[in-house]
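Student: Sharing a structure with you now.
Numbering (UniProt numbering), first residue to last: 1 to 174.
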């Protein structure tokens, strides 16, 4: 896969060797970032992890499950710090990408359309947007401009299994 012509390149760097997020496979981009895509987690109840309709893929809500378990439970602002919540949102986002990859392959994704983040929040906590940035930032790192999206960040009283964060993802396919 070559570098497309016409794009401005920084001075002093060989154009042949600079690949932007949009110019390489998504899995290669993840590798370049040092990120390992997990296996898609099996659904925990009566649903599927992702579904395609037309040129869109919708994921079910993804919890921050690593190696079959939640690394942390509780509410952000009490049991879980804002920084920990942001890191957990990033794990949710990786799990959402794994669900998309298992259904259609990540290289068919032309853009991230919308992210919905649910944050189990302690009373008075209003930093939900900062927590969900953990997911949004990952999509920008992986997809570049194609990772820019609409978003909702919602504070809730409880999430399944006591998870602090849950992320839903909608992507467009080419």
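Here a beta-carbon is modelled for each residue, glycine too, at the ideal position from N, C-alpha and C.
#1: Per DSSP, residue 170 forms a beta bridge with which residues?
#2: Among the candidates 138, 155 and 108, whose CA atom is the shortest distance from the CA of residue 125?
#3: Counting Cβ pairs, one atom from each stretch, are 3 or more of them under 8 Å apart for the region 149-166 and the region 119-137?
#4: How is residue 148 classed by DSSP in three states: helix, strand or coil?
#5: In this structure, how does DSSP classify residue 140 when only helix, strand and coil are distinguished?
#6: Looking at the secondary structure, which residues open and close the alpha helix (DSSP H) in which residue 100 lies?
#7: So residue 166 and residue 61 are supposed to be a Cβ contact under 8 Å. How far apart are they, rounded?
Tutor: Based on what the coordinates show:
#1: The sequence position of residue 170 within the chain shown is 170, counting from 1. Under DSSP, residue 170 shares a beta bridge with 58 and 114.
#2: Taking the first residue of the chain shown as 1, we reach residue 125 at position 125. Measuring from the Cα of residue 125, the nearest candidate turns out to be 155.
#3: A contact exists between the region 149-166 and the region 119-137.
#4: Your numbering for residue 148 matches position 148 in the chain shown. Coil.
#5: For the purposes of this step, residue 140 is identified with residue 140 of the chain shown, where counting begins at 1. Judged by DSSP in its simplified three-state form, residue 140 adopts helix.
#6: In the chain shown, residue 100 corresponds to position 100, counting from 1. Counting along the chain, the alpha helix (DSSP H) containing residue 100 begins and ends at 82-104.
#7: Counting from one through the chain shown, the residue named residue 166 turns up at place 166. Counting from one through the chain shown, the residue named residue 61 turns up at place 61. Yes, residue 166 and residue 61 are in contact; Cβ-Cβ is about 4 Å, under 8 Å.
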